[in-house]
Amino acid sequence: MTYPGPPRPVRISATPLAELADQLGVAAPDGSAEITGITHDSRAVRPGDLYAALPGARLHGADFVTQAAGLGAAAVLTDPAGAERAAAAGLPALVVDDPRARMGELAATIYGHPGRDLLQIGITGTSGKTTTAYLVEGGLRTAKSTGLIGTVEMRIGDERIKSERTTPEATDLQALFAVMRERGTEAVAMEVSSHALVLGRVDACVFDIAVFTNLSPEHMEFHSGMEDYFQAKAQLFTPKRSRLGVVNVDDEYGRRLAKEATVPVVTYSAEGHPDADWRADEVEVGPLDSTFTVLGPKGERIAAKSPLAGPFNVANTLAAIVALAAAGLDPQSAADGVAAVPGVPGRLERVDEGQPFFAVVDYAHKTDAVESVLRALRKVTEGKLHAVLGCGGDRDTTKREPMGAAVARFADTAVLTSDNPRSEDPLAILATMLQGAASVPAHERGEVQVFEDRAAAIAAAVARAEPGDTVLVAGKGHEQGQDIAGVVRPFDDRQVLREAIKKTQG
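In this text, residue positions in the sequence shown follow the working numbering: the first is 261, and each later residue adds one.
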């Protein structure tokens, strides 16, 4: 039978429900239920599962306990509000005040603490998590059997698994770790989002290496401000969550974290910060990649190459090399392994149909990232720079004007368009972006165009491109759908850009 959701281990020993009750410090329910799995999704329940019925913003997981029972759930983990419905469904219940806060540790117990058998490297930060995770995994592959968990995909060896979010829920994450262990995986590189840290998705994890890339305004619809955002990230750099930190000190938050972290910290800098343990020197940024020398704390001089363009990818590459060195790999071997990574989906991903201009797709969807990628492309563009950009709906509204201003200031042609409007009016989002673009003084501002339809916007940018120009389509990167009014339609920037180029080549 095929079950929905991420994979589960094939072999697992049953855990008595009474043992889990004892772990939680609650009374054991009557009966002798044996637990062989755990899930928070009633649709993904398998026989013998503990169903975690969590309170939600609109619905309670206990509303679906009958469905879970019908699929074979052996028991329920829930709060007092859900206990009565669990009893009505005839299932024994473990009742705690905050089931979300406890399900990670239970998942680890049920699956036999699989993370303890893996070298775990977790990457957090506003930008660069995905790229750094890919580079770390690529470097690890030179010495170990690897796994990857992140925004674009999950991988166990060469098997690719669709990713629903940057960091899986704790129940899914522990199951993935168990599958990795079962298949002989030795090391995993994974992205750790601020949501994951706040919502307990990594509560049962102690990372061998925790990497901090940078911090800039993002997710302000979730966090109360930058201090709250910083404190969420800082949780990863405590003994409860990691053993060693690798911290970028090129921004103020990294320098602060390096001082406040309660685990040992190794620092790095792509901008030559004199106090950093590891530094990038002799940096040469090219149109497709970059080369530099890594200076180490013991006088090491390591020849390094970033397989991706842009100064920010020098920082990501340096982060990966330092993390791998901290994990015990030879630094030069680590650098060579990172250099061999073929690229990262949707991160400055080139689209080449033989056209006389450069065309790339990038995931940049926040102000700092948009500015960084435009600055990087400007340095390697002989002609004009044409950029397509939108802002997502039902997300942080405070970044819309700054993003509109950034693309208008740093591109010769700023084509504003829809991203994933979700439940919002696309034209209202564009109006706010346009206000930001209009705030840029006329002598600093490129030409601004507005297209509600994203495909039309991409076609318009391509139509303007001449030999030596660059076309950037930013915001969605690897994504293969566009959410409009709650309906996700197939849409891949890379494919749409490719088709637009083909038409001009015609």
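Idealized CB from N, CA, C, for every residue including glycine.
Just so it is clear, the structure is predicted and the values come from calculations on it, not from any experiment.
- Of the candidates T658, V598, D622, V598 places its Cα closest to the Cα of L400.
- Apart from the 5 residues on each side of it in sequence, K762 sits with its Cβ closer than 7 Å to the Cβ of E613 in its chain, given in chain order.
- Distances from the alpha-carbon of A349 to those of G332, I295, D357, A361 put G332 closest.
- For M450, the enclosing beta strand (DSSP E) covers residues 447-451.
- Closest in alpha carbon position to V396, among A353, R515, P602, is P602.
- The beta carbons of T299 and A312 sit closer together than 8 Å.
- Contact fails between the segment 278-296 and the segment 438-445, because fewer than three Cβ pairs, one in each stretch, are under 8 Å apart.
- Contact annotation, V675 with F711: C-beta distance approximately 7 Å; criterion of less than 8 Å satisfied.
- Shown here for A668: same chain residues with a beta carbon closer than 7 Å to its own, the five before and five after excluded, namely A674, A697, V700, R705, G706, V708 in chain order.
- The alpha-carbon of R415 is positioned some 47 Å away from that of A702.
- Apart from sequence neighbours up to five positions away, the residues of its chain that approach E631 with a beta-carbon distance below 7 Å are A666, F670, ordered along the chain.
- Spatial neighbours of D743 in its own chain (CB-CB distance under 6 Å, excluding positions within 5 residues in sequence) are listed in chain order as N680, R682.
- Going by DSSP, Q380 is part of the beta strand (DSSP E) stretching over 379-384.
- Residue environment for K422: exposed (fewer than 16 other C-beta atoms within 10 angstroms of its C-beta).
- Taking the C-beta atoms as reference points, I381 is found no nearer than 8 Å to D463.
- Here V601 carries a coil assignment [DSSP, helix/strand/coil].
- In this structure, G410 lies away from M363, with their beta-carbon atoms at least 8 Å apart.
- The C-alpha of K659 is placed about 23 Å away from the C-alpha of A721.
- G342 places its beta carbon less than 8 Å from that of G321.
- Beyond the five residues adjoining it in sequence on each side, P524 comes within less than 6 Å, by CB distance, of L504 in the same chain, given in chain order.
- In the displayed model, M480 falls within coil according to three-state DSSP, outside both helix and strand.
- It is roughly 17 Å from the alpha-carbon of L310 to the alpha-carbon of R461.
- For secondary structure counted as the alpha helix (DSSP H) over 4 or more consecutive residues, the segment 629-695 holds these complete runs in sequence order: 660-670.
- Counting along the chain, N508 sits inside the beta strand (DSSP E) bounded by residues 505-508.
- DSSP places P701 outside both helix and strand once states are collapsed to three, so it counts as coil.
- One thing to note: T426 has its Cβ no nearer than 8 Å to the Cβ of L378.
- In this model, Q327 and V305 are separated by some 9 Å (Cα to Cα).
- Its chain contains H300, R461 as the residues whose beta carbon lies nearer than 6 Å to that of E429, once the 5 sequence neighbours on both sides are disregarded; these appear in chain order.
- Secondary structure in the segment 543-580: no alpha helix (DSSP H) run of 4 residues or longer lies completely within the stretch.
- With respect to the C-alpha of A494, the residue from T473, E481, P374, E684 having the closest C-alpha is T473.
- Of all alpha-carbon atoms in P374, F482, G417, H479, the one lying nearest the alpha-carbon of T431 is that of P374.
- In summary, V747 is exposed, with fewer than 16 beta-carbon neighbours lying within 10 Å of its beta-carbon over all protein chains present.
- Around the C-beta of E344, fewer than 16 other C-beta atoms lie within 10 Å, and the residue is accordingly described as exposed.
- DSSP places P315 in the strand class (E or B) of the three-state scheme.
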